[in-house]
Every structure is written in C-alpha cells, then in structure tokens.
Amino acid sequence: SAGFLDATGRAIWLAALATIGVSVLLSLWWARRMLGPVRTLTAVAKKMEGGDLGPRVAVRSNDEIGDLARAFNAMADSLARQEGLRRDLMNDVAHELRTPLTNVRCHLEALQDGLVPASPDVINSMYEEVMLLARIIDDLRDLSLAEAGHLRLRLEDLDLSEEVARAVRACQPLAQARSVRVEVAKAREGLSVLADRAQFAQVVGNLLGNALRIAPPGTAVTVGLAADHAKVSMSVEDEGPGIAAEHLPHLFD
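So the sequence shown is residues 195 to 447, counted in the working numbering.
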C-alpha cells in the first residue's frame, strides 16, 4: 500500500506539473494573441503621430480586438480624408487669392512704369479686386466660425421674392458679360423665410455665380421658387454640362 501511495503521489504531482505547464503555455499563447494586435496598433498609431496616415491594421478576428482594429482603421480613413480635404482647401484658397493679387500687381506695375494712366477705370478695377480679396477672407473667417460652432446668425423674416430679385440684380453685370439671361419663374406672392440676410444673399449669389460661369452664351439661368405647406424651396437651373456622377457624392465636401 505504501508503494501504491507513492505512485499515486507521484502521479498527482506529475499531473499538477503538467497542468501548470499547460496553463503557462496557454497563458503565453493568449498573451501573445492579445498583445500582438495591441503592439501592431501602437506601432501604426506612432506612424500616424509622425504624419504617415497610410498604414492600416490587419483585422484577423471577429472579437473585441477585431472590433478595435476595425474602429482604428475607420478613424485612420477619416483622418486621411480630412487631411486630403484640408490640402485641397489650402490649394483652392491659394488659387482664389492668387488671381486678384496678380491682377492688382499687374495694374500697379503698369502704373509704376507709366504704361497706363491712373484713370477711374484702372482704380475701379483694382478696387473690385481688393473687394474680392476681402470677400474671400470673410468667407474663410465664416468657415472657421461655422466649424467651431460660433457663427452668429441674425435671423429675420425675409421676403423670398425680394431677396432673390436683389441677388439677380447684383449678378446682372456677370450675366451680361457672359451673354446669359437670368430669369425668375413666377411664384406665389408672400413667400417668406426665417434667415440671415447676409448669409442668404451669399448662398444665392454663389449659386447664381456658379451657374452663370458654367452656362453657355446665349442660354438662360432660371431661378425657381416654390412652397409646399411649411417648406419653401428655391432652385437654380442652367444649361451647362452638369456634374459628373462620380463627383456628386463629394459635392459638399
């Protein structure tokens, strides 16, 4: 019986040691499985911190670690998209500022060299370019305030027909220069909206300006007004080439 007890004791110890060994191996495997993706996430995050938004984390499971990897990749995609939009905005702003600045510089150089006299036409042209620069800067300020949620709106009841008529009168010089007619479709009288007058005028002016620049000479840009119960809508239509289907999802980026 003593030998049996010794053999049983040894078996128990061996089983315990085997269990401990298996537990250690399983713990090491599980830790490696858990820490491997975390280390990968850390490495990719450090690359993103250095400005490299290209790397992504491979998703190899459908558990919490996999969900974390997918969320991280979605965040990286969003950051890369925002960075692309920021670069495009900077390029667009530089282009928009370069044109009026170049025109003013050319006028000033011509005046300095005595090539043209300081006539009212030249001064008015430079004044218009400076005002264009001021509007671009104001737009950038409004964009910054809007993104920060600090853009203040002075809401008031506006007669829609009067505001549209005012915007149409303001764009007549561009329409005449482009040989394009601006027509306002007859609408019901008394259509009013609660809006900020300056911001509303800017929106309508941008829509009309874009349409006039795209519309072929000899065609018409039509402004339509309609009301459906509590909703009032306005449309601006031109006979230009339109927007390609692949660009439509990014129209408001």
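In this text, a Cβ means the ideal position worked out from N, Cα and C, and glycines have one as well.
Here's the rule I'm using: 16 or more other beta-carbon atoms within 10 Å means buried, otherwise exposed. How should L349 be labelled? exposed
From the DSSP secondary-structure annotation, give me the bridge partner or partners of T416. E377, E431
Does the beta-carbon distance from A420 to A381 come in below 8 Å? yes
For A312, which three-state DSSP category applies? A312 falls in the coil class under three-state DSSP.
Considering only DSSP beta bridges, list what L388 is partnered with. D351
E383 - containing alpha helix (DSSP H), residue span: No alpha helix (DSSP H) holds E383; DSSP gives it neither H nor E.
E277 versus L339: straight-line alpha-carbon distance, rounded: 19 Å
Just checking, does the stretch 356-369 make contact with the stretch 400-407 on the three C-beta pairs under 8 Å criterion? yes
What is the C-beta distance between R254 and G248, in whole angstroms, given that I count them as a contact (C-beta under 8 Å)? Incorrect: roughly 20 Å between the Cβ atoms, too far for contact.
Between which residues of its own chain and G418 is the CB-CB distance below 6 Å, once the five residues before and five after are set aside? A379, S429
Does the stretch 381-390 come into contact with the stretch 320-327, if we say contact requires no fewer than three beta-carbon pairs (one atom in each stretch) closer than 8 Å? no
Look at the Cβ atom of V316, then the Cβ atom of H301, and state whether they are nearer than 8 Å. yes
If the criterion is Cβ atoms closer than 8 Å, does the pair R250 and A237 meet it? In this structure, R250 keeps its C-beta atom at 8 Å or more from the C-beta atom of A237.
Same chain, Cβ closer than 7 Å to S319, five either side skipped, listed in chain order: H301
How close, in whole Å, do the beta carbons of D390 and L354 come, if the pair is a contact with beta carbons under 8 Å? That belief does not hold up - the Cβ atoms of D390 and L354 are roughly 14 Å apart, past 8 Å.
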